Amino acid sequence: ESIYLKDYKAPKFTVKTCDLVFELYEEHTQVTNLMSIERVDAGAKDLVLDSIDLELLEIYLDDEKLPEKRYVIEDEHLRVLDVGDAFKLIIINKIYPQLNSELEGLYKSGNIFCTQNEPEGFRRITPYLDRPDVMAVFKTTLVADKERYPVLLSNGNRESNFKLDDGRHGATWFDPHPKPSYLFALVAGDLGVVQDKFVTASGKYVRLYIYTDRGNESKCKHAMKALKDAMKWDEEVYGREYDLELYNIVAVDSFNMGAMENKGLNIFNSAYVLADEDSATDANFMGIQSVIAHEYFHNWTGNRITCRDWFQLTLKEGLTVFRDQCFSADLNSKEVQRIEDVDALRERQFVEDASPTAHPIQPDSYMAINNFYTATVYEKGAEVIRMLHTLLGEQKYRKAMDLYFDAFDGQAVRTDDFLWAISEAGGIDLEQFKRWYYQSGTPKLHVDEKFEDGKYSLTLTQKVPKAVDGSEQKPYFFPLKMALLDESGKEIEAKTLIVSKESEEFTFKVEKKPVLSINRDFSAPVIVEQSHNDYAFLMKHDTNSYVRYESAQSFGLQTIESMMRGKPIDEEFVNAFGHILDEDKLDHSFKALLMELPSVSAIMQRQEVVDFELIYEAKERLQKHLALTFKEKLLVIYNENHTPDSKELDALNIGKRAIKNRALKLLSALESDEVIAIANAQYNSSVTMTDRIVALDVLENISPEFSTVALGHFYKKYNRDTLVMNKYFSILAASHREGTLDRVMALQNDPAYNELVPNLVRSLIGVFARNYKHFHAKDGYGYKFVADKIIDIDKINPQMASGLAGAFKIYKKMNKVNKKLIKTELERILLEPSLSKNVYEIVSKVLNG
Ligand code: ARG
Ligand code: ZN
Numbered sequence: 005e006s007i008y009l010k011d012y013k014a015p016k017f018t019v020k021t022c023d024l025v026f027e028l029y030e031e032h033t034q035v036t037n038l039m040s041i042e043r044v045d046a047g048a049k050d051l052v053l054d055s056i057d058l059e060l061l062e063i064y065l066d067d068e069k070l071p072e073k074r075y076v077i078e079d080e081h082l083r084v085l086d087v088g089d090a091f092k093l094i095i096i097n098k099i100y101p102q103l104n105s106e107l108e109g110l111y112k113s114g115n116i117f118c119t120q121n122e123p124e125g126f127r128r129i130t131p132y133l134d135r136p137d138v139m140a141v142f143k144t145t146l147v148a149d150k151e152r153y154p155v156l157l158s159n160g161n162r163e164s165n166f167k168l169d170d171g172r173h174g175a176t177w178f179d180p181h182p183k184p185s186y187l188f189a190l191v192a193g194d195l196g197v198v199q200d201k202f203v204t205a206s207g208k209y210v211r212l213y214i215y216t217d218r219g220n221e222s223k224c225k226h227a228m229k230a231l232k233d234a235m236k237w238d239e240e241v242y243g244r245e246y247d248l249e250l251y252n253i254v255a256v257d258s259f260n261m262g263a264m265e266n267k268g269l270n271i272f273n274s275a276y277v278l279a280d281e282d283s284a285t286d287a288n289f290m291g292i293q294s295v296i297a298h299e300y301f302h303n304w305t306g307n308r309i310t311c312r313d314w315f316q317l318t319l320k321e322g323l324t325v326f327r328d329q330c331f332s333a334d335l336n337s338k339e340v341q342r343i344e345d346v347d348a349l350r351e352r353q354f355v356e357d358a359s360p361t362a363h364p365i366q367p368d369s370y371m372a373i374n375n376f377y378t379a380t381v382y383e384k385g386a387e388v389i390r391m392l393h394t395l396l397g398e399q400k401y402r403k404a405m406d407l408y409f410d411a412f413d414g415q416a417v418r419t420d421d422f423l424w425a426i427s428e429a430g431g432i433d434l435e436q437f438k439r440w441y442y443q444s445g446t447p448k449l450h451v452d453e454k455f456e457d458g459k460y461s462l463t464l465t466q467k468v469p470k471a472v473d474g475s476e477q478k479p480y481f482f483p484l485k486m487a488l489l490d491e492s493g494k495e496i497e498a499k500t501l502i503v504s505k506e507s508e509e510f511t512f513k514v515e516k517k518p519v520l521s522i523n524r525d526f527s528a529p530v531i532v533e534q535s536h537n538d539y540a541f542l543m544k545h546d547t548n549s550y551v552r553y554e555s556a557q558s559f560g561l562q563t564i565e566s567m568m569r570g571k572p573i574d575e576e577f578v579n580a581f582g583h584i585l586d587e588d589k590l591d592h593s594f595k596a597l598l599m600e601l602p603s604v605s606a607i608m609q610r611q612e613v614v615d616f617e618l619i620y621e622a623k624e625r626l627q628k629h630l631a632l633t634f635k636e637k638l639l640v641i642y643n644e645n646h647t648p649d650s651k652e653l654d655a656l657n658i659g660k661r662a663i664k665n666r667a668l669k670l671l672s673a674l675e676s677d678e679v680i681a682i683a684n685a686q687y688n689s690s691v692t693m694t695d696r697i698v699a700l701d702v703l704e705n706i707s708p709e710f711s712t713v714a715l716g717h718f719y720k721k722y723n724r725d726t727l728v729m730n731k732y733f734s735i736l737a738a739s740h741r742e743g744t745l746d747r748v749m750a751l752q753n754d755p756a757y758n759e760l761v762p763n764l765v766r767s768l769i770g771v772f773a774r775n776y777k778h779f780h781a782k783d784g785y786g787y788k789f790v791a792d793k794i795i796d797i798d799k800i801n802p803q804m805a806s807g808l809a810g811a812f813k814i815y816k817k818m819n820k821v822n823k824k825l826i827k828t829e830l831e832r833i834l835l836e837p838s839l840s841k842n843v844y845e846i847v848s849k850v851l852n853g
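Following UniProt numbering, the numbering of the sequence shown begins with 5 at its first residue and continues without gaps.
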């Protein structure tokens with residue numbers, strides 16, 4: 005039941021134009037689909053269209069009603085027998101968007117009709133050649149009740165509006181750019197709108213609209229600003245302009261993912277559009293900026309040039325993530341952005357890459373393609389593009405991108421075509437580099453240093469893991485930024501090494517033994533294995549901010565690991581930590597990152613056998629020790645940066661909040677009345693959601709008494725704002741307090757909770773499954789609960805269920821006791837009768853890999 009890349013076959017027919025009419029009603033929708041189709045493969049007789057759960061009413065071939073003996077309805081196909089070289093096909097069918105809880109195809113989010121067709125949703129709307137290498141020109145007419153659905157949208161430009169006399173009205177949209185069906189979208193609803201405009205570099209006027217539930221218009225300002233910034237950035241950095249008269253964004257509450265780049269009509273999870281200081285955190289604002297840009301950038305990397313097949317997904321996703329990361333770095337702090345991107349990669353992608361669900365950024369097989377919108381395809385894919393950028397340098401990279409756009413505009417292509425453009429314009433041989441596309445797992449880079457007679461030599465050895473199926477994999481080709489520092493931290497030598505062999509030596513002439521600063525900017529997505537004691541020096545002196553951060557993390561990891569082996573706390577780490585607190589010239593946000601202890605996930609990843617109880621014990625003990633030792637300094641940092649009245653979103657104020665809240669969180673390890681009082685005061689006086697959430701989180705974990713009051717207040721104030729309620733559920737689901745599982749179970753009955761809305765499920769169940777303390781509790785109840793939810797939710801929305809199943813990806817590495825408990829649950833899931841292929845794929849791979 006797997007689909008393989010090697011079995012790819014070009015389409016036998018193609019669709020030139022597709023004219024759609026949607027008649028939207030309260031119980032059902034009728035779709036009339038008029039396609040002009042051409043045969044591409046002379047040997048093909050039957051036309052086979054993708055079709056899932058569609059009620060066929062009538063079919064016409066070149067205006068003749070097709071008799072039933074001329075077509076066959078198969079499981080997921082409609083087969084039209086014996087067709088000609090070029091013909092017109094009209095299909096009329098019925099669908100039930102109101103009952104669609106999978107949120108694929110046409111569905112309702114509250115009272116809004118909307119669509120999600122990537123990757124294979126369109127076949128749930130009407131029979132079609134639903135594959136990205138079939139590109140047609142679409143024209144769409146929507147007809148609906150005027151009062152309930154005054155706003156009618158689809159791709160492209162609006163052609164006409166019309167009124168009918170039965171209280172209904174309609175609109176016709178035309179998109180001149182040929183596109184695959186996964187980029188088709190429509191929206192109908194009673195929506196508020198915010199308008200703006202953008203004039204492109206060549207002087208074209210573009211109208212910008214963001215649609216949202218009425219009453220939320222004032223929360224769209226930040227998204228609109230981000231959109232304009234993104235449009236400008238793509239012109240300046242990539243020379244790419246927008247290509248339609250208008251750009252529509254619609255925010256909906258029920259959405260499986262973050263957002264979707266439908267041509268001219270992006271549909272967004274409202275969490276990535278709506279924000280104001282009272283309801284969104286600083287991180288939310290950043291997220292909005294980056295997702296708005298991501299979807300906009302897809303217009304060139306994704307829509308104008310799309311994927312030949314879904315194995316090529318990283319062609320558009322890795323590249324577009326790289327583009328949005330650079331955009332965010334340019335508009336905010338480069339160094340902080342890079343550290344956060346690397347962190348996100350390691351938290352999620354490294355875990356995936358070390359599990360039986362590991363796959364290359366270009367997978368070679370899948371059961372459910374929806375399972376492959378992964379951190380690997382997206383984030384590791386972006387790292388691979390970043391390496392190409394590093395190898396070519398800015399100028400050649402831009403030349404290569406120009407060539408890519410030039411050569412492939414309007415086509416559905418492969419990652420190989422992209423690499424051809426890079427190689428051609430970059431003048432670089434990528435044969436070995438390509439392994440990043442078809443090998444999986446994170447390579448380790450072992451570092452050996454030697455200094456003798458004015459010669460410093462660096463021996464680098466790649467340890468490439470085996471593939472999931474046990475086969476050997478080969479060494480990679482990558483750029484490794486490094487420097488040698490003298491005892492004052494000055495760079496004696498700074499270079500980008502090209503690493504390509506399994507083991508190789510690089511030598512440098514230096515007078516004194518230097519200190520190595522390696523994998524600067526995280527220039528390659530590898531795990532550096534190095535044993536040394538220069539961490540404290542690098543934390544303090546390295547000119548590369550990423551390596552400074554990384555050294556603090558590594559030192560922290562080393563310290564916690566030795567505590568886990570029963571050793572006392574390493575006072576050198578404690579001293580180095582103290583030095584960071586004393587540094588007063590650092591950017592606040594950066595300093596807040598340096599003050600961060602390694603995450604539980606980062607510690608877990610280095611354990612051969614994982615036991616979260618030991619990890620928590622050591623980490624909490626270290627945190628408490630730091631809080632005790634540096635209490636006064638942390639209080640000074642807190643007080644200096646606590647400016648309760650300011651809600652500005654500039655770098656300075658974001659930084660002040662970041663560092664102050666980091667200090668508060670560290671101090672919270674003391675669990676003292678003093679800290680409780682500070683957190684409580686912060687909660688009561690805060691004017692930003694950032695401050696409020698941190699205070700609530702601290703109280704929840706250290707003061708049942710005060711948290712009950714604060715949470716009660718919070719709930720009363722925000723229970724009608726579902727985006728804020730997500731945060732409320734998350735705090736409770738992430739809580740370390742006793743009884744968390746019981747509370748999570750009870751919260752499922754809260755009126756603000758709704759199992760049909762993915763954001764809420766992720767906030768409550770998804771966050772609980774990442775609450776290592778309670779999810780992995782040795783009584784097994786955490787596992788049982790999440791397994792039950794996977795089974796329940798699979799019946800509603802398989803994509804959401806398989807997302808939750810991802811929490812079990814660490815199964816293989818768990819200790820005996822936990823492993824046995826997880827096994828029972830995974831086996832129970834697999835016994836479910838009609839399990840979706842989404843959940844089956846993840847669970848069977850985790851269990852049997
Ligand atoms: N292309 C979208 C984005 O990256 C994601 C769509 C994913 N959809 C899905 N059903 N898995 O912005
Ligand atoms: Zn994307």
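Idealized CB from N, CA, C, for every residue including glycine. Keep in mind that this is a model prediction, so the values were computed, not measured.
Classified as exposed, VAL203 has fewer than 16 neighbouring CB atoms from the shown chains inside 10 Å of its CB. Note on geometry: alpha-carbon atoms of ARG352 and ALA333 lie some 21 angstroms from one another.
When the Cα atoms are used, SER427 and THR378 turn out to be separated by approximately 27 angstroms. The Cβ atoms of LYS98 and GLU59 sit closer than 7 angstroms to each other. One thing to note: PHE376 has its Cβ no nearer than 7 angstroms to the Cβ of PRO364. Assigned with DSSP and collapsed to three states, LEU760 falls in coil, not helix or strand.
In the three-state scheme derived from DSSP, where H, G and I count as helix and E and B as strand, ASP257 is classed as coil.
In this structure, the C-beta of MET264 approaches ligand 1 to less than 6 angstroms from one of its heavy atoms.
Per the DSSP secondary-structure output, MET39 pairs in a beta bridge with CYS22 and LEU93. Not one heavy atom of ligand 2 is found less than 6 angstroms from the C-beta of GLU508. A contact between stretches requires three or more CB pairs, one per stretch, nearer than 8 angstroms, and the segment 788 to 800 fails this requirement with the segment 592 to 607. Counting only runs of at least 4 residues, the segment 291 to 357 fully encloses the following alpha helix (DSSP H) elements, listed from N- to C-terminal order: 317 to 335, 338 to 348 and 354 to 357.
In this chain, ASP134 is not harboured by any beta strand (DSSP E), its DSSP state being neither H nor E. Here DSSP, grouped into helix, strand and coil, assigns PHE272 to strand. Taking C-beta separations shorter than 6 angstroms and ignoring five residues to either side along the sequence, the partners of GLU845 in its chain run MET371, ALA372 and ASN375, following chain order.
Shown here for ILE697: same chain residues with a beta carbon closer than 8 angstroms to its own, the five before and five after excluded, namely THR285, LYS731 and ILE735 in chain order.
Of the heavy atoms belonging to ligand 2, none sits nearer than 6 angstroms to the Cβ of GLU435. A contact is defined here as three or more CB-CB pairs under 8 angstroms, and the segment 301 to 315 fails this definition with respect to the segment 515 to 523. When DSSP states are grouped into helix, strand and coil, SER461 belongs to the strand group. When the Cα atoms are used, VAL519 and GLU495 turn out to be separated by approximately 9 angstroms. Under the 10 Å beta carbon count, PHE166 is surrounded by fewer than 16 other beta carbons and is classified as exposed.
By a beta-carbon distance limit of 8 angstroms, GLY160 contacts PRO180. Their separation comes to about 6 angstroms.
Taking the C-beta atoms as reference points, SER164 is found no nearer than 7 angstroms to LYS92. A distance criterion of 6 angstroms places the beta-carbon of GLU344 beyond contact range of ligand 2, judged by its closest non-hydrogen atom. Assigned with DSSP and collapsed to three states, TYR75 falls in strand. When distances are taken from the beta-carbon of MET391 to the heavy atoms of ligand 1, even the shortest one reaches 6 angstroms or more. Counting only runs that start and end inside the segment 612 to 695, there is no beta strand (DSSP E) element of at least 3 residues. Approximately 6 angstroms separates the beta-carbon atoms of HIS81 and LEU53; this is inside 8 angstroms, confirming the contact. Per DSSP, the unbroken beta strand (DSSP E) holding SER164 starts and ends at 161 to 167. If only complete runs of 4 or more residues are kept, the segment 737 to 817 shows the alpha helix (DSSP H) at 744 to 751, 762 to 765, 776 to 779, 785 to 800 and 802 to 809, in order along the chain. At least one heavy atom of ligand 2 is found less than 6 angstroms from the C-beta of THR324. About 6 angstroms separates the CB atoms of LEU834 and SER848; that is less than 8 angstroms, so the two are in contact. In this structure, the C-beta of GLU321 approaches ligand 2 to less than 6 angstroms from one of its heavy atoms. Per DSSP, the unbroken alpha helix (DSSP H) holding PRO708 starts and ends at 708 to 722. Annotation: LEU501 to VAL325 spans about 25 angstroms, alpha carbon to alpha carbon.
Separation of the CB atoms of VAL277 and CYS224 is rounded to 6 angstroms, and the pair is thereby assigned contact status at 8 angstroms.
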